[in-house]
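Take the sequence shown: its position 84, counted from the start at 1, is 910 in my numbering, and no numbers get skipped.
Heads up, the beta-carbon is just placed ideally off N, CA and C, and yes, glycines get one too.
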Amino acid sequence: MACAAPSAGDLQSYRIVVVRDRERRRRLRALAHDQPFVSEAPVCLVFCADGLRAAERFGARGAQLYALQDATIAAAYAQLAIVAAGMGSTWIGNFDDAGMSAMFELDPEVRPVAMLSVGYPAELPDLTPRRRLEELVIYR
């Protein structure tokens with residue numbers, strides 16, 4: 827489903843690293859400031875912005891912004907599909923970018939921007955309070 831997500835110029839300026847190996851997930855957990863669900867989930871998906879691909883058509887703005895947008899849209903679509911399939915997922919944005927890039931031997935133009943842990947939860951989490959619409963939307 828992530829690959830069906832909209833993207834700037836339909837370029838799909840992102841890469842997805844699928845991490846299933848237990849040892850790599852353990853190392854990934856350390857790079858994610860010891861967040862336990864990173865190593866406890868059987869799969870982690872690392873979404874990376876591919877600045878070079880976006881720059882081909884859109885220049886610097888594509889590399890800096892559109893690739894980031896593409897990667898996060900793909901991650902959001904993937905998370906919705908994961909939940910719709912009856913699994914659980916946690917969005918992880920707090921991690922050591924440089925360490926993750928080194929671990930996966932990513933090209934300099936490809937930078938990690940989001941991670942999803944994926945699996946079947948032992949229990950369903952409580953819903954967190956959400957802001958009221960009036961706090962989020964500006965009408966003009």
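Subject >> Host beta strand (DSSP E) of A875 (start-end) >> reply: Residue 875 sits at position 49 when you count from the first residue of the sequence shown. Looking at the DSSP string, the run of the beta strand (DSSP E) that includes A875 is V869 to D876.
Subject >> For D923, the nearest candidate out of F873, R958 and D952 (CA to CA) >> reply: Taking the sequence shown and counting its residues from 1, the one referred to as residue 923 is at position 97. Ranking F873, R958 and D952 by Cα distance to D923 puts F873 first.
**OP:** Determine the contact status of V939 and L894, defining contact as a CB-CB distance below 8 Å.
**Re:** Translated into the one-based positions of the sequence shown, residue 939 becomes position 113. Translated into the one-based positions of the sequence shown, residue 894 becomes position 68. Contact flag set, yes.
Original post:
In chain order, what residues of the same chain have a beta carbon less than 7 Å from the beta carbon of A881, not counting five sequence neighbours either side?
Top reply: The residue you call residue 881 lines up with position 55 of the sequence shown. The residues G888 and A889, in chain order, have a CB closer than 7 Å to that of A881 in the same chain once the five nearest residues on each side in sequence are set aside.
**OP:** Classify L854 as helix, strand or coil using the three-state DSSP reduction.
**Re:** Within the sequence shown, residue 854 is the residue found at index 28, counting from 1. Three-state result, L854: helix.
Original post:
Under a Cβ-count criterion, where at least 16 other Cβ atoms within 10 Å of its own Cβ denotes burial, should L950 be classed as buried or exposed?
Top reply: On the sequence shown, position 124 is the one that residue 950 refers to. Exposed, by the Cβ-count rule.
**OP:** Rounded to whole angstroms, what's the CA-CA distance from N920 to V864? Just pull it up for me.
**Re:** Residue 920 sits at position 94 when you count from the first residue of the sequence shown. Residue 864 sits at position 38 when you count from the first residue of the sequence shown. So the alpha carbons of these two residues sit roughly 11 Å apart.
Subject >> Of the listed residues A901, L906, S839 and E866, nearest to E849 (C-alpha basis) >> reply: The residue given as residue 849 occupies position 23 in the sequence shown. Nearest option by C-alpha distance: E866.
Subject >> Distance, D876 Cα to E935 Cα >> reply: Taking the sequence shown and counting its residues from 1, one reaches residue 935 at position 109. Taking the sequence shown and counting its residues from 1, one reaches residue 876 at position 50. Cα to Cα, E935 sits roughly 6 Å from D876.
Subject >> Residue from A911, G925 and A928 with nearest C-alpha to P947 >> reply: Here residue 947 corresponds to residue number 121 of the sequence shown, with the count starting at 1. With distances taken between Cα atoms, P947 lies closest to A911.
Subject >> Boundaries (first-last residue) of the beta strand (DSSP E) holding M941 >> reply: Reading the sequence shown from its first residue, position 115 is the one you call residue 941. DSSP places M941 in the uninterrupted beta strand (DSSP E) bounded by V936 to G945.
Original post:
Going straight from the alpha carbon of P955 to that of Y903, what length do you get?
Top reply: As a position in the sequence shown, residue 955 is number 129, starting the count at 1. As a position in the sequence shown, residue 903 is number 77, starting the count at 1. Roughly 22 Å between the two C-alpha positions.
**OP:** Mark L942 as exposed unless 16 or more other C-beta atoms lie within 10 angstroms of its C-beta, in which case mark it buried.
**Re:** One-based indexing of the sequence shown puts residue 942 at position 116. Flag for L942 reads buried.
Original post:
On the three-state DSSP scale, how would you describe I908?
Top reply: Indexing the sequence shown from 1 puts residue 908 at position 82. Helix at I908.
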